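For the record, the sequence lines run as chains R and Z. Counting with full-length UniProt numbering, you get residues 1 to 273 for the letters of the first sequence. Counting with full-length UniProt numbering, you get residues 1 to 311 for the letters of the second sequence.
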Amino acid sequence: MRLGFNLLFGGFLTAVVILAGALAPWLAPFDPVLGANLMNAELPPDSEFWFGTDSQGRDVYSRILYGAQISLTVGIVSQVINSVIGVTLGMTAGYWGGWWDDLVNGLTNVMLAIPSLIFALAVMAVLGPGLVSLLIALGLTNWSWTCRIARSSTLSLKSQGYVLAAQSLGYSDLRIMFTQILPNMMGPILVMATLGMGSAVLSEAALSFLGLGIQPPFPSWGSMLTDAREMIQLAPWVAIFPGLAIFLSVLGFNLLGDGLRDSLDPHMRTRKA
Amino acid sequence: MLRFALRRILQIIPTVIVVALLIFVIFSVVPGSFAASLFSDGRTNADPQLIARITAQFGLDKPLHERFFTYIWDLARFDLGTSFRTRLPVIQMINERMWASLELATAAMVFAIVIGVPLGFLAALRPGSVLDTVTMIGAVSGLSLPQFWLGLLMMLLFALHLNWLPSFGYGDGSFRNLILPAMALGVTPLALLARTTRAGVLDVMNSDFIRTAHAKGMSETAVVRRHVARNALVLIITTVGLQFGSLIGQAVVIEKLFAWPGIGSLLVDSVAIRDIPVVQGTILVIVLWFLVINTLVDLLYAAIDPRIKQE
């Protein structure tokens with residue numbers, strides 16, 4: 001029953017992250033930004049500061065709870081953008097074919113030729129750091145695989161009886177795409193989006209770690225790790241806990257995505273066994 | 001084979017041109033002028049005359065299409081422009097940094113192959129075993145791990161606590177400096193390779209010709225060696241190729257963390273100071289690298305698997 005395990009454990013981790021982010025104002029014992037107090041700087045974990053304090057004397061536990069809000073926002077919003085772009089381009093390309101299909105294919109190939117972190121970095125370089133830039137950068141980066149899947153699903157769904165029936169009833173192209181084709185390929189698109197959330201959280205952490213994403217003093221897990229290198233020997237907890245938070249939430253999204261794929265695709269199940 | 005090779009190599013050119021156009025367009029929509037942002041420190045405004053002179057010097061006052069044609073024409077002659085900051089040719093700056101990046105990416109890939117492929121293979125031969133379960137849990141964890149965090153933890157353990165290895169820097173280029181960054185960077189391709197190898201081998205194992213081989217009384221070792229390994233190789237090579245290309249992208253963060261003097265840390269530093277010609281140049285070189293490796297992989301597996309050529 002490993003398939004069930006992926007879905008359950010992944011779902012559990014994701015739920016914990018969502019709850020942590022949503023309930024941060026009530027769960028966090030200290031203010032994540034204004035709670036700075038140099039008297040408390042670099043204290044090891046104890047009963048008051050569960051995960052210790054950072055160089056400014058801020059409670060690492062409280063900052064991690066608030067950091068969940070940023071990671072979730074980035075993960076979810078960027079994947080919604082990616083899915084909308086990928087599905088729109090892929091579905092129309094597959095359905096209409098012709099020059100539009102060639103154009104979309106060419107664009108997808110170009111996007112696949114640029115490593116996604118590099119493309120995100122270029123966009124961040126232009127837009128400057130911050131949450132909105134991050135959402136745009138990561139939302140524009142990862143749609144090519146979704147687009148490919150949407151296109152190939154559309155190609156195979158296009159010749160199905162119910163689509164032909166809808167065509168002979170005189171439905172408009174857009175109506176056919178959105179009511180007949182889209183619902184039937186939601187499974188793989190959902191899987192891609194879930195797995196993409198994990199990689200978006202990783203990219204956000206990496207960009208913020210490089211100082212190009214969320215700016216201090218706002219508590220992003222990646223930017224919390226930026227100073228960690230300098231103080232890792234004296235205060236290793238500053239490095240350990242935010243990284244653990246990134247790891248567990250990405251693991252949650254990845255397991256959830258794997259689990260969804262396994263349960264949506266019975267073919268995979270028999271092959272894996 | 002030769003025609004196939006030639007066609008694949010020629011396909012790189014249009015992609016590079018489109019990528020160059022894309023990069024050019026992205027950096028042309030920057031609000032405000034480069035020169036102004038280059039000199040503003042947030043408190044005082046730069047001297048307008050100085051800005052005008054810099055703008056003219058780099059040809060930034062010309063119309064967009066003219067700048068694009070100059071850009072492409074320069075590219076065709078392998079001229080990537082001049083850095084705003086150092087005033088050195090970008091190609092020279094990249095050349096100084098690229099080999100360290102290549103070294104790091106290669107080391108990371110070797111680490112990933114040497115551990116990931118055998119692990120995936122063994123896991124697939126005994127599906128459901130303890131080794132298989134542990135490998136697969138390890139693989140999904142490896143894919144979820146921020147590489148730079150793993151790097152930080154290894155730095156803490158192996159460099160600061162145990163004092164076995166230098167914690168960062170290129171040093172005199174010795175192997176000891178390479179170990180930690182290569183392992184941190186290699187963990188993602190390692191996890192992916194273990195996963196794809198396992199999936200590929202399992203796939204082959206369930207196919208008809210393996211059943212036939214078993215049925216005609218071939219020993220397990222011979223089946224694995226003669227049939228399974230060869231057929232799984234195509235998938236493994238594809239993964240290695242794709243990962244090798246994106247490694248140099250992922251290396252950006254690891255290079256920064258370990259103060260590795262590669263093209264990735266050059267890119268990050270240039271983004272931070274908005275040295276646009278260097279940013280454009282490094283991105284283009286990274287993309288070119290990615291395309292060349294993918295093409296090589298295509299050629300390699302066309303040689304291994306003749307079926308691919310015909311498609």
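Note that the Cβ used here is the ideal one computed from N, Cα and C, for glycine as well. None of these values were measured; they are calculated from a predicted model.
- When DSSP reads this structure, R/D59 sits in a beta bridge with R/T53.
- Taking one beta carbon from each stretch, the stretch 132–150 of chain R and the stretch 83–95 of chain R have 3 or more pairs nearer than 8 angstroms; the two touch.
- For Z/P89, DSSP records a beta bridge to Z/T82.
- Distance between Z/E255 and R/L260, taken at the CA atoms: about 35 angstroms.
- Listed along the chain, the chain R residues whose CB falls inside 7 angstroms of the CB of Z/V18 are V110.
- Chain-ordered listing is empty here: chain Z has no CB closer than 7 angstroms to the CB of R/R63, the nearest sitting near 16 angstroms.
- Within the stretch 242–255 of chain R, P242, G243, L244, I246, F247, L248, S249, V250, L251, G252, F253, N254 and L255 place their CB atoms closer than 9 angstroms to a CB of chain Z, listed in sequence order.
- For Z/L156, the residues of chain R that pass the 9 angstroms Cβ criterion are I232, Q233, P236, A239 and I240, in the order they occur in the chain.
- If you check the CB distance, R/A239 and R/L248 do not come in under 8 angstroms.
- Look at Z/R195: its C-beta is not under 8 angstroms from any C-beta on chain R.
- Counting along the chain, Z/V201 sits inside the alpha helix (DSSP H) bounded by residues F175 to M205.
- A Cβ-Cβ separation of about 7 angstroms places R/I232 in contact with Z/M155 under the 8 angstroms criterion.
- When rounded, the separation of the alpha-carbon atoms in Z/I210 and Z/G138 is 29 angstroms.
- Under the three-state reduction of DSSP, R/T226 is assigned to coil, being neither helix nor strand.
- Around the beta carbon of R/V87, a 10 Å sphere encloses 16 or more other beta carbons of the protein chains shown; the residue is thus reported as buried.
- Around the beta carbon of Z/M205, 16 or more other beta carbons lie within 10 angstroms, which makes this residue buried.
- The CB of R/G198 comes closer than 9 angstroms to the CB of L143 and S144 in chain Z, given here in chain order.
- Burial of Z/T135 is indicated by the presence of at least 16 other C-beta atoms within 10 angstroms of its C-beta.
- Between R/I18 and chain Z, the shortest Cβ-Cβ separation is not below 8 angstroms.
- Between R/E204 and R/L134, the CB-CB gap stays under 8 angstroms.
- At a cut-off of 8 angstroms between beta-carbon atoms, R/A137 makes no contact with chain Z.
- The three-state reading of DSSP puts Z/I72 in helix, counting H, G and I together.
- In this structure, the straight-line span from the alpha carbon of R/S78 to that of Z/L178 is close to 35 angstroms.
- Membership of R/R175 in the alpha helix (DSSP H) is indicated by the continuous run D173 to I176.
- Rounded to whole angstroms, the gap between the alpha carbons of R/A193 and R/S223 is 24 angstroms.
- Assigned with DSSP and collapsed to three states, Z/M218 falls in coil, not helix or strand.
- Counting C-beta pairs closer than 8 angstroms gives three or more between the stretch 105–125 of chain R and the stretch 11–18 of chain Z, which meets the contact rule.
- By the rule that beta-carbons nearer than 8 angstroms mark a contact, Z/T238 does not touch chain R.
- In the structure shown, the three-state DSSP call for R/L212 is coil.
- Ranked by Cα distance from R/I64, the first of R/F218, R/A235 and R/P236 is R/F218.
- The DSSP assignment places 130–144 and 147–154 as complete runs of the alpha helix (DSSP H) inside the stretch 127–177 of chain Z, in order along the chain (cut-off: 4 residues).
- At a beta-carbon threshold of 8 angstroms, the residues of chain Z lying near R/G211 are A272, ordered along the chain.
- In chain R, no part has a C-beta under 9 angstroms from the C-beta of Z/I72; the shortest such distance is about 16 angstroms.
- Taking 4 residues as the minimum length, the alpha helix (DSSP H) runs contained wholly in the stretch 14–100 of chain R are 24–27 and 60–96, in order along the chain.
- DSSP places R/P129 in the coil class of the three-state scheme, outside both helix and strand.
- Interface with chain Z (8 angstroms Cβ-Cβ cutoff): R/V33 is excluded.
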